[in-house]
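Heads up: the structure comes next, in structure tokens.
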Amino acid sequence: MTIENKEIDTLIVGAGQAGVAMSEHLSHLDIPHLVLERHRIAERWRTERWDSLVANGPAWHDRFPGLEFDDVDSDGFPSKERIAAYFEDYARKFNAPVHTGVDVLSVERNIGQPGFTIETSEGVIKANRVVAATGPFQRPVIPPIAPEDANLTQLHSSEYRNPEQLPEGAVLVVGAGSSGVQIADELQRSGRNVHLSVGPHHRPPRAYRGRDFCWWLGVLGEWDAEAMAPGTEHVTIAVSGARGGHTVDFRHLARQGVTLVGRTKAFDNGKVSFETDLAENIARGDENYLSLLDAADAYIARNGLDLPQEPEARIIPPSPECITDPLLELDMAEAGIGSIIWATGFAVDYRWLKVNAFDEHGKPQHQRGVSSEPGIYFLGLPWLSRRGSSFIWGVWHDARHIADHIATQRKYLAYQDALQYRTGSADHSGRNNAAYAQSQTQEVRIARED
Ligand SMILES: Cc1cc2nc3c(=O)[nH]c(=O)nc-3n(C[C@H](O)[C@H](O)[C@H](O)COP(=O)(O)OP(=O)(O)OC[C@H]3O[C@@H](n4cnc5c(N)ncnc54)[C@H](O)[C@@H]3O)c2cc1C
Numbered sequence: 004m005t006i007e008n009k010e011i012d013t014l015i016v017g018a019g020q021a022g023v024a025m026s027e028h029l030s031h032l033d034i035p036h037l038v039l040e041r042h043r044i045a046e047r048w049r050t051e052r053w054d055s056l057v058a059n060g061p062a063w064h065d066r067f068p069g070l071e072f073d074d075v076d077s078d079g080f081p082s083k084e085r086i087a088a089y090f091e092d093y094a095r096k097f098n099a100p101v102h103t104g105v106d107v108l109s110v111e112r113n114i115g116q117p118g119f120t121i122e123t124s125e126g127v128i129k130a131n132r133v134v135a136a137t138g139p140f141q142r143p144v145i146p147p148i149a150p151e152d153a154n155l156t157q158l159h160s161s162e163y164r165n166p167e168q169l170p171e172g173a174v175l176v177v178g179a180g181s182s183g184v185q186i187a188d189e190l191q192r193s194g195r196n197v198h199l200s201v202g203p204h205h206r207p208p209r210a211y212r213g214r215d216f217c218w219w220l221g222v223l224g225e226w227d228a229e230a231m232a233p234g235t236e237h238v239t240i241a242v243s244g245a246r247g248g249h250t251v252d253f254r255h256l257a258r259q260g261v262t263l264v265g266r267t268k269a270f271d272n273g274k275v276s277f278e279t280d281l282a283e284n285i286a287r288g289d290e291n292y293l294s295l296l297d298a299a300d301a302y303i304a305r306n307g308l309d310l311p312q313e314p315e316a317r318i319i320p321p322s323p324e325c326i327t328d329p330l331l332e333l334d335m336a337e338a339g340i341g342s343i344i345w346a347t348g349f350a351v352d353y354r355w356l357k358v359n360a361f362d363e364h365g366k367p368q369h370q371r372g373v374s375s376e377p378g379i380y381f382l383g384l385p386w387l388s389r390r391g392s393s394f395i396w397g398v399w400h401d402a403r404h405i406a407d408h409i410a411t412q413r414k415y416l417a418y419q420d421a422l423q424y425r426t427g428s429a430d431h432s433g434r435n436n437a438a439y440a441q442s443q444t445q446e447v448r449i450a451r452e453d
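Here the sequence shown stands for residues 4 to 453, where the numbers follow this note's numbering.
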């Protein structure tokens with residue numbers, strides 16, 4: 004089906020989990036919409052992540068309310084392919100109007116009439132509203148310190164697939180959030196020498212007293228936190244569902260053979276230098292880990308729950324030498340390092356969205372996804388409304404809020420005063436069409452009954 008010259012109430016750009024959730028809520032409210040996806044549904048899970056990746060949260064948790072992973076143990080961790088298939092099944096379940104292989108090239112506000120003109124790879128369309136569901140992690144970020152050295156293979160974590168992809172030799176992995184630790188672990192297990200550059204992080208226990216950390220963050224209200232705690236803006240979270248799920252423990256990784264180093268500072272003349280912050284980063288990570296155990300114990304006591312004791316979870320083993328006497332400089336040739344994996348995060352890319360919805364630093368300006376440009380919405384961004392916003396289950400709730408906002412706006416626009424109603428004159432959106440107003444009212448009525 005062609006989309007050229009189409010006019011639609013709401014356009015959703017992107018069919019990852021955010022776009023699919025948004026489409027479900029708009030469908031539920033009978034709001035006409037279209038989802039345009041440049042590749043395939045859930046593409047990032049298919050082709051922009053490493054081969055062995057599984058969900059970081061268990062199957063019972065990392066899903067939408069309307070569908071379970073019927074072939075995965077509910078405490079297990081679905082593979083990335085299974086997650087992509089899940090979102091495809093989900094979209095099929097309610098017949099989401101997704102058009103794949105369509106790139107949205109630009110969105111501009113119409114002048115003198117409502118809505119937006121959207122240029123796509125399949126022609127121009129018009130929409131009253133646009134939801135940007137293009138993901139929290141659109142553009143790989145590699146810091147400017149990256150060396151220009153033709154003899155080194157350098158990949159961002161989004162390009163890393165498996166150990167065989169890298170040339171022979173040792174590897175430096177920069178960044179120890181969930182991606183960096185999992186990649187370093189996999190490379191070390193495949194027989195490589197690995198240096199892992201560790202910055203400030205949180206490392207919740209995979210499970211404590213019989214409950215996964217996703218459960219603990221839920222009951223302790225942490226998924227619902229509305230803003231990052233001051234000073235934690237650059238703190239990453241290190242969790243893993245790999246090999247059945249385990250607590251990320253840097254001392255354990257070091258015992259296994261990974262050499263831990265502090266934050267990567269600079270590259271100069273074949274040498275790489277590291278900050279002196281390793282021990283402090285590890286200590287802060289431990290503090291965060293132990294504070295979750297404390298909060299969990301207090302919750303159990305307060306609610307009189309009968310969950311098994313787990314005193315051994317509090318034992319922090321002595322630090323290995325790479326932490327107590329850390330490397331501050333390394334000659335890469337001597338260490339045999341042939342590759343660097345930059346697990347240094349992502350940025351957003353809204354160059355296609357040419358509207359007034361950004362602050363002076365180019366950051367989306369919004370309140371719970373409702374942007375400063377009327378009719379433009381953001382979905383899926385980290386901390387859009389809460390800590391859970393960029394995760395699978397969280398985006399579903401944010402999408403519901405945005406859908407409700409759109410339904411309410413449509414209700415206002417469908418309003419006619421007594422004179423307009425009698426004469427069928429133009430409404431303030433410029434449409435001289437009583438039937439249009441009537442159809443809007445009808446849709447709003449359906450929405451209210453739901
Ligand atoms: C390595 C990794 C592991 C993760 N693991 C988990 C996990 O276990 N559990 C969890 O809850 N979360 C996890 N996340 C976080 C989050 O769930 C994912 O990042 C998820 O992919 C975000 O979904 P999204 O729909 O917001 O964005 P995306 O998945 O990025 O989807 C956006 C879509 O928009 C499309 N698009 C972009 N621009 C355009 C355009 N101009 N025109 C048309 N289409 C466009 C893209 O092709 C893409 O398909 C993980 C993230 C990463 C990076």
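Ideal placement from N, C-alpha and C gives every residue a C-beta, glycine not left out.
- Under the Cβ criterion (8 Å, minimum of three pairs), the segment 386 to 394 counts as touching the segment 224 to 240.
- Given a length threshold of 4 residues, each whole run of the alpha helix (DSSP H) inside the segment 140 to 211 is given here in chain order: 181 to 192.
- Nearest to His36 by C-alpha distance, out of Tyr89, Arg132 and Leu108, is Arg132.
- Runs of the alpha helix (DSSP H) lying entirely within the segment 225 to 265, each at least 4 residues long, are 253 to 259 in chain order.
- Counting C-beta atoms within 10 angstroms of its own C-beta, Phe140 has 16 or more neighbours from the protein chains shown and is therefore classed as buried.
- At the C-beta level, Lys268 and Met335 stay beyond 9 Å of one another.
- Rounded to the nearest whole angstrom, the CA to CA distance from Phe90 to Ala45 is 7 Å.
- DSSP places Asn131 inside the beta strand (DSSP E), whose first and last residues are Gly126 to Ala135.
- Taking 9 Å as the cut-off, the beta carbon of His28 is found no closer than this to the beta carbon of Arg266.
- The beta carbon of Trp48 sits closer than 6 Å to those of Lys83, Ile86 and Ala87, all from its chain and outside the five residues before and after it, given in chain order.
- Around the C-beta of Pro377, fewer than 16 other C-beta atoms lie within 10 Å, and the residue is accordingly described as exposed.
- Secondary structure at Pro100: coil, using DSSP grouped into helix, strand and coil.
- For Ile379, the enclosing beta strand (DSSP E) stretches over residues Ile379 to Phe381.
- For Trp396, the secondary structure class from DSSP, reduced to helix, strand or coil, is helix.
- The closest heavy atom of ligand 1 lies 8 Å or more from the beta carbon of Ile344.
- By the Cβ neighbour-count rule, Val144 is exposed, with fewer than 16 other Cβ atoms within 10 Å of its own.
- DSSP places Trp48 in no beta strand (DSSP E) but in the uninterrupted alpha helix (DSSP H) bounded by Glu46 to Thr50.
- For Trp219, the distance from the CB to the nearest heavy atom of ligand 1 is not below 8 Å.
- A residue is called buried when at least 16 other Cβ atoms come within 10 angstroms of its Cβ; Arg413 meets this threshold and is buried.
- The three-state reading of DSSP puts Trp345 in strand, counting E and B together.
- A direct Cα-to-Cα measurement between Thr137 and Val251 gives close to 30 Å.
- Ranked by Cα distance from Val127, the options Val242, Arg142 and Glu10 are led by Glu10.
- Look at Phe270 here: in three-state DSSP terms it is strand.
- Taking C-beta separations shorter than 6 Å and ignoring five residues to either side along the sequence, the partners of Trp345 in its chain run Ile145, His159 and Val177, following chain order.
- In the structure shown, Ala338 adopts coil according to DSSP, grouped into three states.
- No Cβ-Cβ contact shorter than 9 Å links Arg209 with Leu310.
- Its Cα nearest to that of Val201, the residue Phe277 stands out among Arg164, Pro170, Phe277 and His249.
- DSSP, reduced to helix, strand and coil, places Pro314 within a helical segment of the structure shown.
- In the DSSP assignment, His36 forms a beta bridge with Thr13.
- Three or more beta-carbon pairs separated by less than 8 Å link the segment 278 to 295 to the segment 310 to 327, which places the two stretches in contact.
- The continuous beta strand (DSSP E) containing Leu108 extends over residues Val107 to Arg112.
- A distance criterion of 8 Å places the beta-carbon of His404 beyond contact range of ligand 1, judged by its closest non-hydrogen atom.
- Pro81 is classed as buried because its beta carbon has at least 16 other beta carbons within 10 Å across all chains shown.
- Taken through DSSP and simplified to helix, strand or coil, Lys83 comes out as helix.
- Bridge pairing for Lys357: Glu111 [DSSP].
- When secondary structure is reduced to three states using DSSP, Ser388 falls in the coil class, being assigned neither helix nor strand.
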